[in-house]
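Enquirer:
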Amino acid sequence: MMRKLMKSVRLLQVAGIALVGYIGLFSAPATAGGAHNLGPKASCMECHEPEYEVYKGTQHFKSFKSKEHKKKGKKIVKAVAKVNGGKKNMKRNKACALCHFTIVKKKPKYGPSCESCHGAASEWVEIHNDYGGKDTKADTETAEHKVKRHKDAAAAGMIWPRTALYEVAENCNSCHGLAHPDLSGDELSTMLDAGHPAKADFELIQYFNGSNRHRFYPPNPDVNQEMTKKEASTMFVVGHIAKLVSATEAAAKSKHEKFTAMQQKRADNAKAALSKVSIAAVKAFVKKPTRANGLKAVDAIKGKDLSGEVGSMLPKKSDYK
Ligand code: HEC
Ligand code: HEC
Ligand code: HEC
Ligand code: HEC
Numbered sequence: 125m126m127r128k129l130m131k132s133v134r135l136l137q138v139a140g141i142a143l144v145g146y147i148g149l150f151s152a153p154a155t156a157g158g159a160h161n162l163g164p165k166a167s168c169m170e171c172h173e174p175e176y177e178v179y180k181g182t183q184h185f186k187s188f189k190s191k192e193h194k195k196k197g198k199k200i201v202k203a204v205a206k207v208n209g210g211k212k213n214m215k216r217n218k219a220c221a222l223c224h225f226t227i228v229k230k231k232p233k234y235g236p237s238c239e240s241c242h243g244a245a246s247e248w249v250e251i252h253n254d255y256g257g258k259d260t261k262a263d264t265e266t267a268e269h270k271v272k273r274h275k276d277a278a279a280a281g282m283i284w285p286r287t288a289l290y291e292v293a294e295n296c297n298s299c300h301g302l303a304h305p306d307l308s309g310d311e312l313s314t315m316l317d318a319g320h321p322a323k324a325d326f327e328l329i330q331y332f333n334g335s336n337r338h339r340f341y342p343p344n345p346d347v348n349q350e351m352t353k354k355e356a357s358t359m360f361v362v363g364h365i366a367k368l369v370s371a372t373e374a375a376a377k378s379k380h381e382k383f384t385a386m387q388q389k390r391a392d393n394a395k396a397a398l399s400k401v402s403i404a405a406v407k408a409f410v411k412k413p414t415r416a417n418g419l420k421a422v423d424a425i426k427g428k429d430l431s432g433e434v435g436s437m438l439p440k441k442s443d444y445k
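Just so we're aligned: the sequence shown equals residues 125 to 445 in our numbering.
#1: Among Ala279, Lys323, Leu302, Lys165, which has the Cα closest to the Cα of Leu222?
#2: Do you know whose CA, among Glu311, Glu265, Lys379, lies nearest Gly256's CA?
#3: Runs of 4 residues minimum, wholly inside the segment 177–262: which ones carry the alpha helix (DSSP H) assignment?
#4: In the DSSP assignment, find the unbroken alpha helix (DSSP H) run with Met315 in it and report its ends.
#5: Under the criterion of a Cβ to heavy atom distance below 8 angstroms, does Glu291 qualify as lining ligand 1?
#6: Excluding five sequence neighbours on each side, which residues of the same chain lie with their C-beta closer than 6 angstroms to the C-beta of Arg415?
#7: Val362: buried (16+ other C-beta within 10 angstroms of its C-beta) or exposed?
#8: Kindly indicate which three-state DSSP category Leu289 falls into: helix, strand or coil?
#9: What would DSSP say about Arg273, mapped onto helix, strand or coil?
#10: Candidates Asn253, Gly181, Arg216: which alpha carbon is nearest Ser167's?
#11: Residues around ligand 3, please: the ones whose beta-carbon is closer than 5 angstroms to some heavy atom of it, in chain order.
#12: Residues in the same chain with beta-carbon distance under 8 angstroms from Phe409, minus the five sequence neighbours each way, listed in chain order, please.
#13: Suppose you measure from the CA of Gly435 to the CA of Glu355; what does that come to, to the nearest Å?
#14: Drop a sphere of 10 angstroms on the beta-carbon of Gln388, count the other beta-carbons inside from all chains shown, and report buried for 16 or more, exposed for fewer.
#15: Say yes only if the C-beta of His224 is nearer than 8 angstroms to one or more non-hydrogen atoms of ligand 2, and no if none qualify.
#16: When you compare the CB of Val249 with every CB in chain D, is at least one pair closer than 9 angstroms?
#17: Thinking C-beta only, is Ala424 closer than 9 angstroms to Ala405?
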């Protein structure tokens, strides 16, 4: 039932029909419709051990137990609780939990984790690795089945980075750009007034290629591959497309001065990077930065080598986080 619903929503989306709330369905970390999180350790680690090991070294993982964090958060959550009527506790107030935690069975169990980026997995986990029954392995799966498997998993809320990098970047930006679609302008701007960091500089290459990088394909648990300049250039551009959509959508939520200034800075950063790209669909997108135009721009750069255009803007390795 759920799967069917997700599929029809996705179809409408493909057809370009605006659907109120669909951004909430697909880009809100951890809530694809009725889908819920299963948790990284219980549900991903057994098959994705190398990725899990990488995850354990990230700030996303470590922040869950940080006492320092809890202390710094007290004043912020108090202020926000006044606005949204929620609890004065970072783990219990929705406005903090949406970005800081992975909610499993209604409880915050981890910091941001696998499903924050790849989509809440309850509806897709059993589809994404099923090559067509027990006796079929990756190398005996039919081509048709593979296409169907990818499509079904995506319709059930899975975000495959190889085919949906935009959606992954959208997730990162909704948290890192203080632009979560499920939070109001009042909640977000109150956080800023209470001292929450307002960093406009989130950029996918700098933030992914350091402690977060996990690139073990083609399956080899021993080699966490670096990106080529071409791959990094594509990710850099896709990341900025997602950033510009995110900043534009967020800016419309509030007229609060600090909040607007942050979103303006994010938009300006993204425009500066995208101005180097000479592809028409990217130029059209920058003029009218809607999500639909963003997806068209992402489509238009597929397979192209953009390193000549943005290669010199890529962050240095020593700046990776
Ligand atoms: C029972 C084993 C198993 C479990 C459990 C599992 N996966 Fe997978 N996963 C696989 C296999 C096998 C593939 C490769 C599928 C293919 O060949 O296309 C895969 C592929 C993926 C990919 C795409 C990789 C690519 O090729 O681009 C992602 C992302 C992913 N899994 C995330 C997760 C997350 C997140 C969880 C936990 C919620 C999870 N998986 C749980 C076995 C598993
Ligand atoms: C829209 C997503 C989002 C929401 C909502 C959010 N945070 Fe954050 N928070 C972040 C991100 C991203 C960072 C890390 C910023 C960075 O260092 O790049 C962060 C960092 C922090 C820090 C660390 C500050 C420091 O100086 O080390 C604290 C404390 C914090 N948040 C508290 C809260 C509290 C309390 C709430 C709820 C009222 C909350 N946050 C809501 C995304 C969010
Ligand atoms: C901060 C966001 C984020 C988190 C958290 C995250 N991933 Fe990923 N993941 C990505 C991105 C982005 C890529 C694409 C990398 C690329 O294209 O080079 C990716 C790629 C993958 C792949 C394909 C590449 C590979 O290593 O084989 C798998 C499988 C995967 N992730 C599984 C997981 C699992 C399991 C977890 C949790 C233990 C996890 N991811 C946590 C963002 C994330
Ligand atoms: C569900 C919300 C969420 C998503 C999605 C998310 N992050 Fe984060 N991220 C956070 C929060 C919250 C922190 C701050 C943790 C802390 O310090 O307490 C953070 C911290 C980080 C840090 C450490 C920052 C520093 O200054 O050291 C990096 C790096 C990072 N994230 C990368 C990424 C990347 C790359 C993606 C997407 C591929 C991503 N994140 C997606 C919420 C998120």
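Backbone N, C-alpha and C define an ideal beta-carbon position, used for all residues, glycine too.
The structure presented is a predicted model; accordingly, all values stated were derived computationally and were not measured.
Expert: Reading off the structure:
#1: Leu302
#2: Glu265
#3: Runs of the alpha helix (DSSP H) inside the segment 177–262: 183–186, 191–208, 218–224, 238–242, 249–252.
#4: Here the alpha helix (DSSP H) through Met315 covers 309–317.
#5: no
#6: Val369
#7: buried
#8: helix
#9: helix
#10: Asn253
#11: Pro164, Cys168, His172, Glu175, Tyr176, Tyr179, Cys238, Cys241, Pro285, Val292, His338, Arg339, Phe340, Tyr341
#12: If we look at Phe409 and ignore the five residues flanking it on each side, its Cβ neighbours are Ile365, Leu368, Leu398, Asn417, Gly418, Lys420, Ala421.
#13: 10 angstroms
#14: exposed
#15: yes
#16: The displayed structure is made up of one protein chain only, and chain D is not part of it.
#17: yes
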